[in-house]
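There are 2 protein chains.
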Amino acid sequence: MARWQPDSALRLTEAALALFGERGFDDVTVAEIAERAGVTERTFFRHFADKREVLFAGGAMLQEVMVGAAASTPAGAGPLETVAAALDAMAGVLEQRRDFAHARHAVVSASPELRERELIKLASLGDALAEALRRRGVAEPAASLTAQAGIAVFHVAFGRWASERSDGLARLIEESLAELRALTAEAS
Amino acid sequence: MARWQPDSALRLTEAALALFGERGFDDVTVAEIAERAGVTERTFFRHFADKREVLFAGGAMLQEVMVGAAASTPAGAGPLETVAAALDAMAGVLEQRRDFAHARHAVVSASPELRERELIKLASLGDALAEALRRRGVAEPAASLTAQAGIAVFHVAFGRWASERSDGLARLIEESLAELRALTAEAS
């Protein structure tokens, strides 16, 4: 009986990212990913529905972290402060997986299909964040507006972090939030 | 020789929207749209690549209007003021086609595939708006941040306008912009 390998998902993820980086997402097969990871295709499909899911499987966890942080922000915090706390929690998770996040970003950026999938994932994060704000008593359209502006801040900061391969996503998010405040404080 | 019908694109669009509204986007064929419009399938394909394009063909024009308005905003205007002018120009176009825009929104909202396509279209509008700001000398990340926040404002206002089937998209955009200013002015 084969030994259960708790790290096969991790090894598959690393193998997939390496192969996508070398040859592009489109030209890599599941069989090649499994071979590079030293597991069978069947093992691949125990962890992932397809090769795209290797890149997007972490999204659900990221969303949970974000929603959890929004929910546990002190009751007196306003909508934007709640969003800032939620984004900061996501930054914490992503900074712990910096190498993965940066390599993944390079692969996603190179593929129109994956870029579209990423936009849709970001929009889902925005919907979940708006819902978290409504649960805290924030009315519409303020909830959606703050959530979507927050996702814009995250998107811009994340893009800088990943393309500059820099440290400190949390700091870049803070900077972008401060910049959004300054931009919207401009005389109208 | 058949008379050239300058209004066949319009009739095809109206026929498609009516059929999508009655039976859902997925269950309508190009043949049925052409039949309802009283034209041949060949005429349909002279105007549209597929049935989805009937709903998205207007996007390029909307983007031109938006970018043109951003470019023609007085030189002294700041980034958010420029974005406000660009959104106001889009509102003008959409208000002139209110019935189409509202019916289209109902069809798009009912289909996950079309909702995704709409998100991707919105993201393209955001990219074009950021590029228009950079051409006016706005640096990054301010250009992307203002553009994406502006698209968030547009998205929220458009959703209210279309689902409430109300007048005055321009007014709702103004309200959302004012709300974004208030939210970001919140004590941090």
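Going line by line, the protein sequences match chains W and P.
Each residue of the first sequence is one higher than the last, beginning at 1 in the numbering used here.
Each residue of the second sequence is one higher than the last, beginning at 1001 in the numbering used here.
Glycine is no exception: its CB is placed at the ideal position from the N, C-alpha and C atoms.
In chain W, what lies closer than 7 angstroms to residue 1144 (chain P) by C-beta? The contacting residues are 156.
Is the CB-CB distance between residue 1049 (chain P) and residue 1082 (chain P) below 9 angstroms? No, these two residues do not count as a Cβ contact at 9 angstroms.
Is residue 112 (chain W) buried or exposed, if buried means 16 or more other CB atoms sit within 10 Å of its CB? Looking at its Cβ environment, which holds fewer than 16 other Cβ atoms inside 10 Å, residue 112 (chain W) is exposed.
From residue 43 (chain W) to residue 100 (chain W), what does the alpha carbon distance come to, in whole angstroms? Cα to Cα, residue 43 (chain W) sits roughly 21 angstroms from residue 100 (chain W).
What first and last residue would you give for the alpha helix (DSSP H) that runs through residue 137 (chain W)? Under the DSSP assignment, residue 137 (chain W) falls outside any alpha helix (DSSP H); it carries neither an H nor an E label.
Specify the secondary structure class of residue 27 (chain W) as computed by DSSP and reduced to three states. In the structure shown, the three-state DSSP call for residue 27 (chain W) is helix.
Out of W:115, W:59, W:162 and W:7, point me to the one whose CA is closest to residue 128 (chain W)'s CA. Nearest C-alpha to residue 128 (chain W): W:59.
Could you tell me whether the Cβ atoms of residue 1180 (chain P) and residue 184 (chain W) are closer together than 9 angstroms? Taking 9 angstroms as the Cβ cut-off, residue 1180 (chain P) and residue 184 (chain W) qualify as a contacting pair.
Option nearest residue 1068 (chain P) by Cα separation, candidates P:1052, P:1164 and P:1087: Comparing Cα positions, the closest option is P:1087.
Following the continuous alpha helix (DSSP H) through residue 1099 (chain P), name the residue where it begins and the one where it ends. Per DSSP, the unbroken alpha helix (DSSP H) holding residue 1099 (chain P) starts and ends at 1098-1109.
Within-9 angstroms CB hit, residue 1148 (chain P) to chain W: Contacts with chain W at 9 angstroms (Cβ-Cβ) include residue 1148 (chain P).
Using only CA atoms, which one of P:1103, P:1091 and P:1150 lies nearest to residue 1054 (chain P)? When only C-alpha atoms are compared, the closest one is P:1103.
Answer yes or no: do residue 151 (chain W) and residue 123 (chain W) have a C-beta to C-beta separation smaller than 9 angstroms? Taking a C-beta distance under 9 angstroms as the contact criterion, residue 151 (chain W) and residue 123 (chain W) qualify as a contact pair.
Rounded C-alpha distance that separates residue 1 (chain W) from residue 28 (chain W): Residue confidence is low: residue 1 (chain W) scores 40 on pLDDT, short of 50, so the model does not pin down where it sits. Its coordinate-derived value is still stated next. Separation of residue 1 (chain W) and residue 28 (chain W) (C-alpha to C-alpha, rounded to the nearest whole angstrom) is 30 angstroms.
Write down the C-beta distance between residue 1073 (chain P) and residue 1085 (chain P) rounded to the nearest angstrom, noting that I regard them as a contact closer than 8 angstroms. Right, their Cβ atoms sit about 5 angstroms apart.
Which residue comes first and which comes last in the alpha helix (DSSP H) that contains residue 1068 (chain P)? Unbroken alpha helix (DSSP H) run through residue 1068 (chain P): 1059-1071.
Tell me where the alpha helix (DSSP H) around residue 1077 (chain P) begins and ends. Segment: none, residue 1077 (chain P) is in no alpha helix (DSSP H) and carries neither H nor E.
Using a Cβ-Cβ cut-off of less than 9 angstroms, list which residues of the region 63-81 of chain W approach chain P; keep chain order. So the list reads 78, 79, 80 and 81, given in the order they occur along the chain.
Rounded to whole angstroms, what's the CA-CA distance from residue 56 (chain W) to residue 1094 (chain P)? Just pull it up for me. If you take the alpha carbons of residue 56 (chain W) and residue 1094 (chain P), they lie about 35 angstroms apart.
If I measure Cβ to Cβ from residue 108 (chain W) and keep anything under 7 angstroms in the same chain, skipping five residues before and after, which residues do I get? Excluding positions up to five away in sequence, the list reads 55, 114, 115 and 118.
Any idea what DSSP makes of residue 1159 (chain P), helix, strand or coil? When DSSP states are grouped into helix, strand and coil, residue 1159 (chain P) belongs to the helix group.
Scan the region 1084-1116 of chain P for residues whose Cβ lies nearer than 8 angstroms to a Cβ of chain W and list them as they occur along the chain. Answer in chain order: 1084 and 1116.
When the cut-off is 9 angstroms and only beta carbons count, does residue 1013 (chain P) lie next to chain W? At least 9 angstroms separates the CB of residue 1013 (chain P) from every CB of chain W.
At which residues does the alpha helix (DSSP H) containing residue 49 (chain W) begin and terminate? No alpha helix (DSSP H) contains residue 49 (chain W), which DSSP labels as neither H nor E.
Quick check on DSSP: helix, strand or coil for residue 1176 (chain P)? For residue 1176 (chain P), the three-state secondary structure derived from DSSP is helix.
Exposed or buried, residue 1163 (chain P), counting other C-beta atoms within 10 Å across all chains shown (16 or more means buried)? Around the beta-carbon of residue 1163 (chain P), fewer than 16 other beta-carbon atoms lie within 10 Å, marking it exposed.
Cutting at 6 angstroms between CB atoms, please list the residues of its own chain near residue 17 (chain W), excluding the five before and the five after it. For residue 17 (chain W), the CB contacts under 6 angstroms within the same chain, skipping 5 residues up- and downstream, are 103 in chain order.
Short CB-CB distance (under 9 angstroms) between residue 1185 (chain P) and chain W: Chain W contact via Cβ: present.
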